[in-house]
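Note sheet for the following structure.
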Amino acid sequence: MNFMESEEQTAIQASVADWAKRELAPGANARDTEARFDPELYLRCGRDLGITRLPFSEEFGGAGAGMQETSVAIEEIARQDQSLAVTLMVSMAAGLMLVENGSVEQIERYLPGIVAGTALGAVAGTEPQAGSWTAGYTTRAVENATGWRIDGEKAFITNAGAPITSVVLVCAVTGGQPDKPQMTMFALPADAPGLVYGKPYDKLGWRSSETRPVFLDGVSAPATSIVGKVGDGRHLVHGAFKVGRILISAMAVGMAQGCLDHAIAYARERKAFGGSIADFQLVQKAIADIAIRVETSRLMVRKSAWMRDEGQLDDGFLSMTKYYSTEAASQCADLAIQVHGGYGFMNECAPTRFWRDGRVLRIGDGTSEIQIGLIARALGLTSLPRAVKT
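Taken in order, the sequence shown gives residues 1353 to 1742; the numbers are from my numbering.
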């Protein structure tokens, strides 16, 4: 097995890392404090770097790269700013859903902006009472003479209500039985009448990403807005989860690497007891533990991305990757704070922002508990697959 990065991956990593240090790192804490999404910063990701083009084929104006290259770029963005990374991740996932399942009309209308980085896509699956449990969705679409009428509420939707969002992919119940609902995905223009965005959430982390509740009050959706076929919705949400789990795991690696960067720099410059604290064995152990978690997580993410590119994605291994990397990232942030001592308790210290950001990594795109259940199912340890199905 060849663990060497390709020349393309190395070039992407170097260019994104350099840009992120210059453009993201200096203002990350201020954007976090102000809970301010910066559309111009996102636009520069497409204009200056072309990150938004990476996972899309040249046919659609993309770079023709794969999930391996995309995960490398997301890792470097997340190393400096988790909020911008999740904004990118969700928009890419929405675009890939359209590429793989959308109609020609939907692709022509929404994809160019997502690929160019001039517009955002949002995926509205989660509801106030149902996240990983997709069978619990209650947003309903009822067919009528002009198409469909959609009513319901979505919660914790990334990119919803942002000034540059162009499309919201909404999963709604369209039939079936109460214990086994049929779901359908609809591509709705962000300014569709009846599509209302609530106030931005006051979040613990990812504070400079746009996250709002979405209310659907008699939204009119023509038949041409259906993504795929009627009844495909749950399958499409699960597919988006799989892309999301790779990229959120890459975000976890980036965060862990950021913690390592700051822990090493601080340990070298901090003086105590007549010398640098980098000479103290317990500080060395803390930093070594961070480094081990970074490298282990990175290897798992690289393998998951490679498997996706090769069409060999294994759900059990993907869940292992998501579970391990996100749990490890939180551990790395905690250790980095400990290395910083009292300064680590101050919000101006980057690892404190990482610690807050990292908490949601263990929840989004399937909680750690869901991942454990999926791993158990992959190992043949459960006879209750519906209890952990996502």
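Even glycine gets a Cβ: it sits at the ideal position worked out from N, Cα and C. A quick note: this is a predicted structure, and the numbers were derived from the prediction, not measured.
Taking DSSP as the reference, what is the three-state secondary structure of residue i?
i: S1572; result: strand
i: I1722; result: helix
i: R1650; result: helix
i: I1364; result: helix
i: F1706; result: helix
i: R1431; result: coil
i: A1728; result: helix
i: P1552; result: coil
i: L1521; result: strand
i: G1418; result: coil
i: T1526; result: strand
i: T1563; result: strand
i: I1578; result: strand
i: A1425; result: helix
i: A1369; result: helix
i: E1357; result: coil
i: I1715; result: coil
I think residue i touches residue j, with their Cβ atoms under 8 Å apart; what is that distance to the nearest whole Å?
i: I1509; j: A1476; result: 5 Å
i: G1596; j: D1717; result: 4 Å
i: L1540; j: V1525; result: At roughly 16 Å, the Cβ-Cβ gap does not stay under 8 Å, so L1540 and V1525 are not in contact.
i: L1521; j: A1474; result: 7 Å
i: V1745; j: Q1365; result: Any answer about residue 1745 is impossible in this case: the structure gives the chain only from 1353 up to 1742.
i: R1431; j: Q1609; result: 5 Å
i: D1641; j: L1687; result: 6 Å
i: T1678; j: S1720; result: 7 Å
i: V1635; j: I1598; result: Contact doesn't hold; Cβ gap of about 33 Å is too wide.
i: E1360; j: A1602; result: Not quite, the Cβ-Cβ distance comes to about 16 Å (not below 8 Å), so this is no contact.
i: L1588; j: I1516; result: Actually they are not in contact, since the Cβ atoms of L1588 and I1516 sit about 23 Å apart, beyond 8 Å.
i: D1709; j: Q1434; result: 4 Å
Report the residue from the options whose alpha carbon sits nearest the alpha carbon of residue i.
i: I1403; options: R1708, A1468, V1646; result: A1468
i: D1370; options: I1429, Q1481, G1416, R1388; result: I1429
i: H1743; options: D1667, I1642, A1604; result: As displayed, the chain neither begins before 1353 nor continues past 1742, which places residue 1743 out of reach and without an answer.
i: I1727; options: F1355, I1644, L1670; result: L1670
i: E1562; options: N1381, S1423, S1443, L1713; result: S1443
i: G1398; options: A1363, A1387, L1440, E1427; result: L1440
i: A1493; options: I1598, P1574, L1634, Y1462; result: P1574
i: Q1683; options: T1704, A1417, M1449; result: T1704
i: M1356; options: G1626, R1586, K1655, A1608; result: K1655
i: G1583; options: K1532, I1459, S1358; result: K1532
i: G1454; options: R1374, T1576, D1400, L1472; result: T1576
i: F1593; options: G1528, G1527, K1674, G1610; result: K1674
i: D1503; options: H1692, A1544, P1407; result: A1544
i: G1414; options: D1661, L1448, R1396; result: L1448
i: W1500; options: M1537, E1479, L1731; result: M1537
i: F1706; options: E1411, D1613, Q1420; result: D1613
i: R1650; options: A1680, D1390, R1374, D1661; result: A1680
i: N1381; options: V1646, Q1664, L1436; result: L1436
i: P1565; options: I1722, T1422, R1388, N1511; result: N1511
i: E1386; options: N1699, V1571, A1617; result: N1699
i: Q1295; options: G1585, L1556, V1571; result: Outside the shown range of the chain (1353 to 1742) lies residue 1295, about which nothing can therefore be said.
i: P1530; options: T1490, Q1723, E1621; result: T1490
What is the residue span of the beta strand (DSSP E) that residue i lies within?
i: K1532; result: 1532-1541
i: Y1549; result: 1547-1549
Just curious, the alpha helix (DSSP H) that residue i is in, first and last residue?
i: A1615; result: 1585-1621
i: N1381; result: 1377-1386
i: P1391; result: 1391-1396
Restricting to runs no shorter than 4 residues, where is the alpha helix (DSSP H) found entirely within the region 1438-1516? With a minimum length of 4 residues, the continuous alpha helix (DSSP H) runs that stay inside the region 1438-1516 are 1456-1468.
Note down, one range per segment and in chain order, each alpha helix (DSSP H) of at least 4 residues found wholly within the region 1628-1692. With a minimum length of 4 residues, the continuous alpha helix (DSSP H) runs that stay inside the region 1628-1692 are 1633-1661, 1667-1692.
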